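Chains as they are written, first to last, in my numbering: chain A, 55 to 164; chain B, 39 to 154.
1. Contact check, residue 130 of chain A vs residue 70 of chain A under 8 Å by CB: the rounded distance?
2. Quick one: list the residues of chain B neighbouring residue 98 of chain A, beta-carbon separation under 7 Å, in chain order.
3. Quick one: which residues of the stretch 64-94 of chain B get their C-beta closer than 8 Å to a C-beta of chain A? List them in chain order.
4. When the Cα atoms are used, what is the spatial distance from residue 125 of chain A to residue 114 of chain A?
5. Could you tell me the distance, in whole angstroms, from the CA atom of residue 64 of chain A to the CA atom of residue 85 of chain B?
6. Roughly how many angstroms separate the alpha carbons of residue 44 of chain A and residue 60 of chain A, rounded to a whole number?
7. Label residue 40 of chain B either buried or exposed according to how many other C-beta atoms from any shown protein chain fall within 10 Å of its C-beta, with 16 as the threshold for buried.
8. Where do the ends of the beta strand (DSSP E) carrying residue 161 of chain A lie?
9. State the start and end residues of the unbroken beta strand (DSSP E) segment that holds residue 64 of chain B.
10. By Cβ distance, which residues of its chain are closer than 6 Å to residue 67 of chain B, with the 5 residues on each side in sequence left out?
11. Could you tell me the distance, in whole angstroms, from the CA atom of residue 50 of chain B to the CA atom of residue 71 of chain B?
12. Which residues share a DSSP beta bridge with residue 43 of chain B?
13. What first and last residue would you give for the beta strand (DSSP E) that runs through residue 103 of chain B?
14. Pick from A:139, A:120, A:163, A:159: whose alpha carbon is nearest that of residue 133 of chain A?
15. Tell me whether residue 128 of chain A is buried or exposed, calling it buried when 16 or more other Cβ atoms sit within 10 Å of its Cβ.
16. Kindly confirm or deny that the stretch 108-119 of chain B and the stretch 44-60 of chain B touch, where touching means at least three C-beta pairs closer than 8 Å.
17. Residue 108 of chain B to residue 102 of chain B, Cα distance in whole Å?
18. Name the residue from B:120, B:77, B:144 whose alpha carbon lies nearest to the alpha carbon of residue 55 of chain B.
Structure, rendered in structure tokens:
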């Protein structure tokens, strides 16, 4: 069963428009949620994690346990935000293993 | 620190051949793992290790072997390559093996493997 769902394979927005990359998870416990980003031909890197409650490169994500969601948001998209974004989670019964969603390609058009 | 280093970056194999993808980290990380990345499937865990001498299977271990004789190295072996193993492979490591909170997972640059 899919434990992390990213419903959009591709999200295309214009520069300056708001962005929301959706992520839903399935886990009966307290998950740890992450967003990873992969720019073209580069390695994956951590963008942010829910426990830090931080904003990185203008992106934020709030864990909504009621809706089991961890959507990634940015109020004004920039062209340099174009990349593949992966939502991932880990939970106690998964040890240190990260479970990834299928990923969403974000394309920011000028 | 070089971080997580993977070799080779690109490889073409014939069906039935074997090969080893190398992964090394110089950060004294306990935890190392291998993922494969396929379109529409995200990253799927192949094998992982929580320390030298300890390995375990992930989500898609069939057709792959690993060993962890040292803290630094975690090679991934393809025993008899099949076209279904055409993928991009990522090695990753993390300092603590017991929990992710507060510990970032670092990824290598990836290895593009094509099996014909």
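All C-beta atoms in this analysis are idealised placements derived from N, C-alpha and C, irrespective of residue type, glycine included.
Quick caveat: nothing in here was measured; it's all calculated off a predicted structure.
Judging by the given coordinates:
1. The residue given as residue 130 of chain A occupies position 76 in the first chain. The residue given as residue 70 of chain A occupies position 16 in the first chain. With a Cβ gap of about 5 Å, residue 130 of chain A and residue 70 of chain A count as contacting.
2. Residue mapping note: residue 98 of chain A aligns to position 44 of the first chain, counting from 1. What residue 98 of chain A touches in chain B: 128, 145.
3. Within the stretch 64-94 of chain B, the qualifying residues are 69, 71, 73, 78, 79, 80, 81, 82, 83, 86, 88.
4. Looking up residue 125 of chain A in the first chain gives position 71. Looking up residue 114 of chain A in the first chain gives position 60. The C-alpha of residue 125 of chain A lies about 8 Å from the C-alpha of residue 114 of chain A.
5. For the purposes of this step, residue 64 of chain A is identified with residue 10 of the first chain, where counting begins at 1. For the purposes of this step, residue 85 of chain B is identified with residue 47 of the second chain, where counting begins at 1. Going from the Cα of residue 64 of chain A to the Cα of residue 85 of chain B covers about 29 Å.
6. Since the displayed chain A opens at 55 and closes at 164, residue 44 of chain A lies outside it and no answer follows.
7. As a working mapping, residue 40 of chain B is identified with position 2 in the second chain. Taking all protein chains in view, the Cβ of residue 40 of chain B is surrounded by fewer than 16 other Cβ atoms within 10 Å, so the residue is classified as exposed.
8. Working through the first chain from its first residue, we reach residue 161 of chain A at position 107. Annotation for residue 161 of chain A: the continuous beta strand (DSSP E) segment containing it runs 158-163.
9. Here the question's residue 64 of chain B lines up with position 26 in the second chain. Neither: residue 64 of chain B is in no beta strand (DSSP E) and is coded neither H nor E.
10. Along the second chain, read from residue 1 onward, the residue named residue 67 of chain B stands at position 29. Once the five neighbours on either side are set aside, the close Cβ partners of residue 67 of chain B are 131, 132, 133.
11. On the second chain, position 12 is the one that residue 50 of chain B refers to. On the second chain, position 33 is the one that residue 71 of chain B refers to. Rounded to whole angstroms, residue 50 of chain B to residue 71 of chain B spans 22 Å at the Cα level.
12. Stepping through the second chain from its first residue, residue 43 of chain B is reached at position 5. Beta-bridge pairing links residue 43 of chain B to B:62.
13. Indexing the second chain from 1 puts residue 103 of chain B at position 65. Run containing residue 103 of chain B: 102-104, per the beta strand (DSSP E) assignment.
14. On the first chain, position 79 is the one that residue 133 of chain A refers to. For residue 133 of chain A, the nearest C-alpha among the options comes from A:163.
15. Position 74 of the first chain, counting from 1, holds the residue named residue 128 of chain A. That one is buried.
16. yes
17. Counting from 1 along the second chain, the entry for residue 108 of chain B is found at position 70. Counting from 1 along the second chain, the entry for residue 102 of chain B is found at position 64. Residue 108 of chain B and residue 102 of chain B: Cα-Cα distance of roughly 19 Å.
18. As a first step, residue 55 of chain B must be located in the second chain, where it is residue number 17. Checking every option, the nearest Cα to that of residue 55 of chain B belongs to B:120.
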